[in-house]
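In this note's numbering, the protein residues as written are 744 to 1814.
A virtual CB, placed ideally from N, CA and C, is assigned to each residue, including glycine.
Quantities reported herein were computed from a predicted structural model and do not represent experimental measurements.
This is the structure:
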């Protein structure tokens, strides 16, 4: 592969990599990756755009499909050809077709085809083997895994069949001379196609012939089950004959023995057909999913080195026994069958040694000698004891195991328990739930590979043999296994109902009741219901710890030790938490805010169900108070130097905060605690862009708290700020005016100042700049008088915003810079980032784009450090606007697109509008006029009621219309811009420039000259120069007018030059 060439992997998931290590694994959309895959698979061919549209978007109208294809190509170009100089170096695009440059790309399919060709043409077996190895190395999985376009399936099958055929041929060639090598080839063949009966049959035969009988039996049973599950058929006669032979030669059973004569060690004797004995391990008829890594680690622990005792710990129903048996079977062969399961669930302490004796074939009498006789029996050969369900026998089992391990050096023990055995040298392995799918709309192939889904499907097919995962039920199955949290027992119990209810109905029933997690017929009595397994863990605890366990069910999504201690008055809470952790009713999980204790949701629901209704109400009240205290501390941190920590803590507690707010707003809740909590959370809602959620909570709580007190006034102020952020200025004004009146009535000066500050910004947004400027002039003075630095910073920022929008650019910088200095001293990084963005906007207006970029990048760095959704969105928007002014349109489009997505996600209508307008300008610069029109119109629609922003929107629409040749529309939009600016007193130069171009297009040369020259002088006097590209364009227009008007042009320029600023503005407005 030449240096700098891209290697595109199509076998398996699409992946692109360079020799340098640079890799691409994520694409704009799945179909973007699919387009790349199609071009790479047919490398060297040019594909008509119409063909690609039909392949990937057959359901769309031609224009929409072409638009989608263009977006996909643009996204690929950004990834494969970064930098303007690289354009066309990989993607060869014309108006009619697309292709990849073969000199810039190499694919794994190419390597595979070359290797297969070499294998076919090899002159000896060694050459063929090397070529097949290369083919298998190239074959990373099915072609374009996770993609489902019609062209893929036949090509996918062709490649798989070719690789399989080559691998089987290699196995056949080595079968007689090197059976172990042949077995390796066959194992690789069944990975490629697990349903290939010839490969599976020969592998089973080879495993048995090589003495791996237990493995061969497990392999055969699993294959029979696979055929039944996937194809609904049984193996062929030849395969069945091989399986029968393997079972016939199996010798994995061990008999009970009579008591040996005195002084003679007992040990297992060989089983005979007449006396088969009791099998030491039950045969596992169901496959295991998703525990491969754990099984491998356990095997290594039990065979390679100490410890000699490994305990699998986890809650009931998590799959401890199943994993232990899987590991035991894997060790049955190397230990020559000396692997024994001792089931202890129903064993009492007094009968413990006898239970061991029964399973090991040792005479149980006399009891006093049993430990030494058990040790003597185990010394005969290296042995593994699998001890299942040990949690209720910790003391007697500890004593017995201590004696056995001390007396038998070759003994290994694998235990399952809900808590550690606490023995010296014990290694504890915690077992958690199976992985679940997190994507709400997962790809079918990826979903089918998720272990929790695999287990659910396996058990569902046992209840309904023709049950399949389809596009129609995939979302419901994914949601169901998420709801069941990947707990194997819960998955099995729920799957048992598919013959009566579909996945969607099972999910709906679980929302109402746990009844479906009831009896599992034919299973372990301990696992008849999920609740029985949890109740069994409760029985290991003292009553006070059970009470705490049930009380902790009020928390959602986990909790900290401090929160649990705040909820409980028990001085031993920390000790009881450790006890709950020990019995696997609590787990721990790291988070950005520190370690947390977590309770599986199904366990939490059980615990909540054990709490009486009146006690539950008291718990909810205490929980809400704990949450309110946490939120109030976070609010204090948000205006101090610990903002990142505060946001992380609130993010971790999101589920708890929502639960507390919901209870407070409910009929039995406490709206006063709720308003304290919601008011404290308002800055965090604003920072994370969750304006709508915050407004909903505040509205519900305000409706239940009509009292005219400071609590209501503060909540009204917060609700007003959130409404303002969403562009709902009418609602913001109404809420804030009520708050102003309340604060005035209460005589709360600081509260009144904050409320007036919010009201001033709403007044400004609605176009009354004079009133807003007067308000903030007063508020800055009052904040200085009160020495309220946080309020001073906010009012200075707002004053700077108003001065900037009034085109008093020289005056606007000072309050913004002072605001930044105060915010930095306070450690309020969120507010600092906001003022940095505004200062960047000011510098951009005054023509200092480099300084604007420095300021906005500083804001972006702060936003990333705080992980603030709102600050990130607005900083990305600011950066995109700066890059647009610098002429870096493609970079700008990327940042603006990300900002738009974030603003939409959070409901930030103002930010969304500005992002759309900037994207419209970007499209205009690129000549994509229809896209520019759509973006600009969508942005303008979001600014109704905001005169300042509406004027900017109208200006963008006017420029788009002018570029499209629609002079009438351009004049109309420019007029709308002037009307908005008349209310706001904005910069009239841009509107004058558009109108000048309109007059030029209509042949009104003298008016055009006056407008363009007037706009130039306005910019010079206001200090708002154009960028180089825009200035060059207007200079060309002025040169054209000078050429066409001759001496008259100089007269126009002279007349305009003598006009005052007010005269120039008046002329533009009357135009």
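Residue i to residue j span [Cα, whole Å]
{"i": "residue 1117", "j": "residue 1083", "result": "13 Å"}
{"i": "residue 1164", "j": "residue 1157", "result": "11 Å"}
{"i": "residue 777", "j": "residue 890", "result": "7 Å"}
{"i": "residue 1465", "j": "residue 1637", "result": "28 Å"}
{"i": "residue 1002", "j": "residue 1141", "result": "Because the pLDDT of residue 1002 is 34, which lies under 50, any placement of that residue in the model is unreliable, and the question is left without a value."}
{"i": "residue 1119", "j": "residue 1025", "result": "25 Å"}
{"i": "residue 944", "j": "residue 1138", "result": "49 Å"}
{"i": "residue 793", "j": "residue 1641", "result": "29 Å"}
{"i": "residue 918", "j": "residue 948", "result": "11 Å"}
{"i": "residue 788", "j": "residue 781", "result": "10 Å"}
{"i": "residue 1248", "j": "residue 1220", "result": "11 Å"}
{"i": "residue 1493", "j": "residue 1485", "result": "12 Å"}
{"i": "residue 1333", "j": "residue 1342", "result": "14 Å"}
{"i": "residue 1012", "j": "residue 941", "result": "Residue confidence is low: residue 1012 scores 37 on pLDDT, short of 50, so the model does not pin down where it sits. Its coordinate-derived value is still stated next. Those two C-alpha atoms are separated by around 37 Å."}
{"i": "residue 1365", "j": "residue 1575", "result": "36 Å"}
{"i": "residue 1089", "j": "residue 1143", "result": "17 Å"}
Buried versus exposed, by CB contacts within 10 Å (16 or more), residue i
{"i": "residue 1547", "result": "buried"}
{"i": "residue 851", "result": "buried"}
{"i": "residue 1699", "result": "buried"}
{"i": "residue 1470", "result": "buried"}
{"i": "residue 974", "result": "exposed"}
{"i": "residue 1057", "result": "buried"}
{"i": "residue 1819", "result": "Absent from the model: residue 1819. The displayed extent of the chain is 744 to 1814, so no value can be given."}
N- and C-terminal bounds of the beta strand (DSSP E) containing residue i
{"i": "residue 751", "result": "749-752"}
{"i": "residue 1169", "result": "1169-1173"}
{"i": "residue 848", "result": "848-850"}
{"i": "residue 1163", "result": "Here residue 1163 belongs to no beta strand (DSSP E), and DSSP marks it neither H nor E."}
{"i": "residue 1786", "result": "Note, residue 1786: premise wrong, no beta strand (DSSP E); alpha helix (DSSP H) at 1771-1788."}
{"i": "residue 1587", "result": "Premise fails: residue 1587 lies in the alpha helix (DSSP H), 1572-1588, not in any beta strand (DSSP E)."}
{"i": "residue 842", "result": "840-843"}
Reduced DSSP category for residue i - H, G, I as helix; E, B as strand; rest coil
{"i": "residue 1650", "result": "coil"}
{"i": "residue 1081", "result": "coil"}
{"i": "residue 1181", "result": "coil"}
{"i": "residue 744", "result": "Only weak support is given to the placement of residue 744: the predicted model assigns it a pLDDT of 47, under 50, and the question is left unresolved by the model."}
{"i": "residue 1370", "result": "helix"}
{"i": "residue 824", "result": "coil"}
{"i": "residue 1549", "result": "coil"}
{"i": "residue 766", "result": "strand"}
{"i": "residue 1228", "result": "coil"}
{"i": "residue 1126", "result": "strand"}
{"i": "residue 1702", "result": "helix"}
{"i": "residue 791", "result": "strand"}
{"i": "residue 771", "result": "coil"}
{"i": "residue 1435", "result": "helix"}
{"i": "residue 1054", "result": "strand"}
{"i": "residue 1315", "result": "coil"}
{"i": "residue 1108", "result": "coil"}
{"i": "residue 758", "result": "strand"}
{"i": "residue 1339", "result": "strand"}
{"i": "residue 1409", "result": "coil"}
First and last residue of the uninterrupted alpha helix (DSSP H) at residue i
{"i": "residue 1568", "result": "1552-1569"}
{"i": "residue 1158", "result": "Here residue 1158 belongs to no alpha helix (DSSP H); instead the beta strand (DSSP E) covers 1154-1160."}
Selected residue, minimal CA-CA separation from residue i, among the options
{"i": "residue 1512", "options": "1207, 1545, 1521 and 1151", "result": "1545"}
{"i": "residue 1373", "options": "780, 1416, 1532 and 1215", "result": "1416"}
{"i": "residue 1785", "options": "896, 1756, 1770 and 1767", "result": "1756"}
{"i": "residue 856", "options": "882, 1179, 1645 and 987", "result": "882"}
{"i": "residue 1279", "options": "1161, 1324, 1197 and 1305", "result": "1161"}
{"i": "residue 1215", "options": "1811, 1294 and 1186", "result": "1186"}
{"i": "residue 1035", "options": "1174, 1107, 1085 and 1100", "result": "1174"}
{"i": "residue 1301", "options": "833, 1744 and 1338", "result": "1338"}
{"i": "residue 1753", "options": "1522, 1660 and 1798", "result": "1798"}
{"i": "residue 766", "options": "1645, 775, 752 and 772", "result": "752"}
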